[in-house]
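Numbering (the working numbering), first residue to last: 733 to 807. C-beta: ideal position from N, C-alpha, C; glycine also. Let me begin by presenting the structure, written as structure tokens, before commenting on it.
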Amino acid sequence: MELNDFVKKIAAEFDETPVEKFSASVKFKDLEEWGSLTALSIISMIDEEFDKKITGEDLRSCGTIEELYNLVLAK
Numbered sequence: 733m734e735l736n737d738f739v740k741k742i743a744a745e746f747d748e749t750p751v752e753k754f755s756a757s758v759k760f761k762d763l764e765e766w767g768s769l770t771a772l773s774i775i776s777m778i779d780e781e782f783d784k785k786i787t788g789e790d791l792r793s794c795g796t797i798e799e800l801y802n803l804v805l806a807k
């Protein structure tokens with residue numbers, strides 16, 4: 733799994749935020765669209781796409797998309 737592919741998959745979980753706003757250094761929880769439903773969809777996407785289980789606490793511990801990527805790799 734490449735970081736750029738992961739960023740694109742995260743961006744796809746945000747319906748209203750333009751894909752151009754996404755990069756590895758984006759603090760995804762600071763985006764206006766961020767909320768509990770987006771968090772659940774990201775957790776679900778990671779489970780389905782990467783066969784990795786993360787918790788809400790795991791997600792809360794990450795500040796940027798790259799930190800989340802590194803967490804998923806470590807699982």
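Taking the C-alpha atoms as reference points, what is the distance between Phe-754 and Val-739?
Counted from its first residue, the sequence shown places residue 754 at position 22. Counted from its first residue, the sequence shown places residue 739 at position 7. Their backbone Cα atoms lie some 7 Å apart in a straight line.
With a threshold of 7 Å on Cβ separation, who are the neighbours of Glu-745 within its own chain once the five nearest residues in sequence on each side are excluded?
Reading the sequence shown from its first residue, position 13 is the one you call residue 745. Here the set comprises Thr-770, Ser-773, Ile-774 and Met-777.
Could you compute how far the alpha carbon of Asp-790 sits from the alpha carbon of Leu-803?
Here residue 790 is taken as the residue at index 58 of the sequence shown, counted from 1. Here residue 803 is taken as the residue at index 71 of the sequence shown, counted from 1. Rounded to the nearest angstrom, the two C-alpha atoms are 8 Å apart.
Start and end of the alpha helix (DSSP H) containing Ser-755?
Translated into the one-based positions of the sequence shown, residue 755 becomes position 23. Where Ser-755 is concerned, there is no enclosing alpha helix (DSSP H), given that its DSSP letter is neither H nor E.
Within the continuous alpha helix (DSSP H) that includes Lys-741, where are the two ends?
Within the sequence shown, numbered from 1, the residue matching residue 741 stands at position 9. Per DSSP, Lys-741 belongs to the alpha helix (DSSP H) from 735–744.
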